[in-house]
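*Asks:* This structure is in structure tokens; I'll ask about it shortly.
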Amino acid sequence: MVRGRGYLRGVEDIENLVLRAERGTPVRIRDVARVELGPDERRGMAEFNGEGEVVSGIVVARHGENALRVIDGVKQRIEELKPGLPEAWRS
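Quick note: the sequence shown uses the numbering used here, first residue 2, plus one each step.
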């Protein structure tokens with residue numbers, strides 16, 4: 002699996018990339034592999050107690066901010082989001 006960004010515009014561009022030249026004959030990716038475009042990789046997922054994937058997050062407080070106030074603000078925001086969460090996470 003290869004993930005990248007650049008000037009490639011599609012599968013053909015990737016298939017035509019030269020891996021090496023053997024006595025002047027190019028060996029292209031299409032000669033040794035099948036090229037497919039797939040979905041973007043998932044990020045921000047974590048496992049919870051072996052029960053499945055959950056979304057995690059990191060809270061960053063600004064320098065000099067009161068940590069307790071930040072925590073209380075996060076808790077308040079989570080309460081506001083709860084109606085949109087699955088039933089198991091509303092408790």
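Every residue gets a Cβ at the ideal spot worked out from N, C-alpha and C, and that includes glycine.
What you are looking at is a predicted structure, and each value in this text was computed from that prediction instead of being measured.
Is DSSP giving residue 12 helix, strand or coil here?
*Replies:* In the structure shown, residue 12 sits in a helix (DSSP, three-state: H, G or I).
*Asks:* Does DSSP put residue 89 in a helix, in a strand, or in coil?
*Replies:* Note: residue 89 maps to helix in three-state DSSP.
*Asks:* With distances taken between CB atoms, is the gap from residue 31 to residue 52 smaller than 8 Å?
*Replies:* It is not a contact, given that the beta carbons lie outside the stated cut-off.
*Asks:* Going by beta-carbon coordinates alone, are residue 38 and residue 28 separated by less than 8 Å?
*Replies:* No, Cβ-Cβ distance for residue 38 and residue 28 is not below 8 Å.
*Asks:* Any chance the CB of residue 44 is under 7 Å from a heavy atom of the ligand PLP?
*Replies:* The model depicted lacks the ligand PLP and carries no ligand whatsoever.
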